[in-house]
Amino acid sequence: MDLRLGDIAEGNIVDFTYEGKGVVKIDKFIIFVLGGVIGDKVSFKVTNMKKSFGEGEVIEVLEPSKDRTREEMEIKEAVGGMPLVEYDYEKGLEWKREKVQRDLEKIAKIKDIDVKPTIGMDNPYRYRNNVQIAVGVEDSKTVVGFFEFGTNDIVDMEESVLISEKANTALKTIRKWIDKHDIEPYNRDTRKGLLRDIGIRTNYKDDIMVILVATRKDIPHMDELIRELKEKDVVSIYRNTNTAKSSITYGSDYKLLSGDEALMDKIGDYEFKVSPESFLQINRTQAEILYNKVIEFLEPKKEDRIVDLYSGIGTISIFIAGKAKEVIAVESVGQAVEDAKHNAELNDIKNISFTRARAEVLFPKLATDEDLDLDKIVLNPPSKGCEKEVLEAIIDADPQRIVYVSCNSATLARDLGYLTENGYKLKEAQPVDMFPHTAHVECVVLIEKE
Ligand code: SAH
Numbered sequence: 040m041d042l043r044l045g046d047i048a049e050g051n052i053v054d055f056t057y058e059g060k061g062v063v064k065i066d067k068f069i070i071f072v073l074g075g076v077i078g079d080k081v082s083f084k085v086t087n088m089k090k091s092f093g094e095g096e097v098i099e100v101l102e103p104s105k106d107r108t109r110e111e112m113e114i115k116e117a118v119g120g121m122p123l124v125e126y127d128y129e130k131g132l133e134w135k136r137e138k139v140q141r142d143l144e145k146i147a148k149i150k151d152i153d154v155k156p157t158i159g160m161d162n163p164y165r166y167r168n169n170v171q172i173a174v175g176v177e178d179s180k181t182v183v184g185f186f187e188f189g190t191n192d193i194v195d196m197e198e199s200v201l202i203s204e205k206a207n208t209a210l211k212t213i214r215k216w217i218d219k220h221d222i223e224p225y226n227r228d229t230r231k232g233l234l235r236d237i238g239i240r241t242n243y244k245d246d247i248m249v250i251l252v253a254t255r256k257d258i259p260h261m262d263e264l265i266r267e268l269k270e271k272d273v274v275s276i277y278r279n280t281n282t283a284k285s286s287i288t289y290g291s292d293y294k295l296l297s298g299d300e301a302l303m304d305k306i307g308d309y310e311f312k313v314s315p316e317s318f319l320q321i322n323r324t325q326a327e328i329l330y331n332k333v334i335e336f337l338e339p340k341k342e343d344r345i346v347d348l349y350s351g352i353g354t355i356s357i358f359i360a361g362k363a364k365e366v367i368a369v370e371s372v373g374q375a376v377e378d379a380k381h382n383a384e385l386n387d388i389k390n391i392s393f394t395r396a397r398a399e400v401l402f403p404k405l406a407t408d409e410d411l412d413l414d415k416i417v418l419n420p421p422s423k424g425c426e427k428e429v430l431e432a433i434i435d436a437d438p439q440r441i442v443y444v445s446c447n448s449a450t451l452a453r454d455l456g457y458l459t460e461n462g463y464k465l466k467e468a469q470p471v472d473m474f475p476h477t478a479h480v481e482c483v484v485l486i487e488k489e
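Here our numbering is used: the first residue of the sequence shown is 40, the next is one more, and so on.
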């Protein structure tokens, strides 16, 4: 390939990467380009050249794809968080389905399954119940927004199509206060300055929690901001102190400045306590669909003993516990286990045992226990999938049914390859669109003993 760093070239985008970059092929050589959607003919600048692939940035769309959309609402914020936003939504859902199908065929060598159409959203905007918006400096001006895809550049925005209208009102109130008092922004190059990020969380009632992240505890004119936010229905205001040099948003020091200590959220019929640091699925609507699919596939019965591996704050366990005899939940993060116990109590559920442990350490021990007598397993590992020890232990435990919830179809396929070689069969595969306009694919599958 005779492309060089800095060259300008032309090509057609034929696919998306898992991050949502465009894939361009020139004489079998692959270049991943920032910007553009499948079907576009683009000109791009080469920004990185490796032996087996290159990277680039779209300069101009020369011939737009027939699937390119211009959303009626002008999206002024960084599309970094939504790389597929200019690609037809239905086409994007189909791309996600095909991605799962391809990974199953290529990686797991499973050919006799039809992956179901991706379940999308009727209104695929304002779906995030949790965002972190950066505050920074560009050309000596204060900017507030998300990072441009793959960069540290903050794209200034007035409001976001990813959060509720009320959350946007809170954001605008903070923005006005920053401008009025010239609140010092954090400079990510010099690592100096005060205000770093604005965290906004909302619950099912659209109650709002604001978390201001600053390098010092003394934020000026805070009383005025608190007063104004309260007028805009913000029910909880925190300050988080973060002096770290890394790009991590929150430090460990949270201080409640006004209002409620936590928000109460609801997914389906269940309640969850949301502290500023708790994890909860970002898309409530789709999480409920996902968890109901888990129930449909798992078919929990009153006599079932079920293991929930990688249980997080206990959401899946709580969804299935009422229909089962007993749930054994395993999660490695201590705070998540504490939240899970609290959430079970909140929902008056008593038949779940939560253990803090690494699945690959604890589950092989459980699986060889003669008395375990396990009927079903549900697992929802992080993106890297399961450790081999977990898969081997699943075979040992010999459950009738396995429901695997995955956020990465490549590692899902790798793990399914192992299970299907060892006496199990893939029965159903259902992608759910948790993150509209991104290339992120969430998928739930049913595996049964042959
Ligand atoms: N099912 C939950 C969360 C799944 S996210 C929900 O829907 O909300 C994956 C979880 O696996 C995270 O909570 C993470 O802390 C946990 N985890 C990561 N590695 C693990 C390991 N080796 N053993 C057990 N849990 C692990």
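Note that the Cβ used here is the ideal one computed from N, Cα and C, for glycine as well.
Within the same chain, E267, L268 and K271 come within 7 angstroms of T212 by CB-CB distance, once the 5 residues on both sides are set aside.
A direct Cα-to-Cα measurement between L264 and I287 gives close to 25 angstroms. E365 and T459 have their C-alpha atoms some 27 angstroms from each other. In this structure, K84 places its C-beta atom within 8 angstroms of the C-beta atom of I47. Relative to the ligand SAH, Y166 has its C-beta separated by 7 angstroms or more from all heavy atoms.
Counting only residues of its own chain and dropping the five nearest sequence neighbours on each side, F318 has a CB closer than 7 angstroms to the CB of G351, I352 and A375. If the five residues before and after Y243 are omitted, its C-beta is found closer than 7 angstroms to the C-beta atoms of D304, K305 and R323, all from its own chain and listed in chain order. Close CB contacts of G131 within its chain, under the 6 angstroms cut and outside five residues either way in sequence, are with L123 (chain order).
In this structure, DSSP gives L465 an extended state, which the three-state scheme calls strand. Counting along the chain, Y293 sits inside the beta strand (DSSP E) bounded by residues D292 to G298.
In the DSSP assignment, N207 falls within the alpha helix (DSSP H) that extends over E204 to H220.
With fewer than 16 other CB atoms across the displayed protein chains lying within 10 angstroms of its CB, A283 is exposed. Taking the Cβ atoms as the reference, Y277 lies roughly 6 angstroms from L296, within the contact range of under 8 angstroms.
Of the candidates V174, K64, F358 and D54, V174 places its Cα closest to the Cα of R227. The ligand SAH has no heavy atom closer than 7 angstroms to the beta-carbon of P315. One alpha carbon belongs to S445, the other to I433, and they sit about 16 angstroms apart.
For S356, the uninterrupted alpha helix (DSSP H) segment begins and ends at T354 to A360. Counting C-beta atoms within 10 angstroms of its own C-beta, Q439 has fewer than 16 neighbours from the protein chains shown and is therefore classed as exposed. Taking the CA atoms as reference points, D245 sits about 31 angstroms from F336. DSSP places T241 within a strand segment (E or B) once states are collapsed to three.
By the criterion of a C-beta distance shorter than 7 angstroms, Y457 is surrounded in its chain by L430, once the five residues flanking it on both sides are discounted.
Counted as a single uninterrupted DSSP element, the stretch harbouring T181 is not any alpha helix (DSSP H) but the beta strand (DSSP E) occupying residues K180 to F186. Separation of the CB atoms of S371 and R395 is rounded to 7 angstroms, and the pair is thereby assigned contact status at 8 angstroms. Cβ neighbours of N87 within its own chain (closer than 6 angstroms, five residues either side excluded): E94. Leaving aside the five residues that flank L101 on each side, the residues in its chain whose CB is nearer than 7 angstroms to its CB run, in chain order, E49, K80, V81 and S82. Cβ contact annotation for Y57 (same chain, cutoff 7 angstroms, sequence separation greater than five): A478, in chain order.
Unbroken alpha helix (DSSP H) stretches of 4 residues or longer found wholly inside the stretch 429-480: 448-460, given in chain order. In this structure, the straight-line span from the alpha carbon of I239 to that of T407 is close to 45 angstroms. The beta carbons of A449 and I146 sit closer together than 8 angstroms. Not one heavy atom of the ligand SAH is found less than 7 angstroms from the C-beta of I334.
About 18 angstroms separates the Cβ atoms of A436 and I391, ruling out a contact at the 8 angstroms cut-off. Excluding five sequence positions before and after E96, the CB atoms of its chain that fall closer than 8 angstroms to its own CB belong to V72, L73, G74, F83, K84 and T86, given in chain order. The criterion of a C-beta distance shorter than 8 angstroms is satisfied by Y126 and I77.
Sequence-distant partners of N51 (beyond 5 residues in either direction) whose C-beta falls short of 6 angstroms from its own C-beta, in its chain, are K80.
Using a cutoff of 7 angstroms, the CB of P339 does not count as near the ligand SAH, since none of the ligand's heavy atoms is closer than that. One thing to note: D472 has its Cβ within 8 angstroms of the Cβ of I158.
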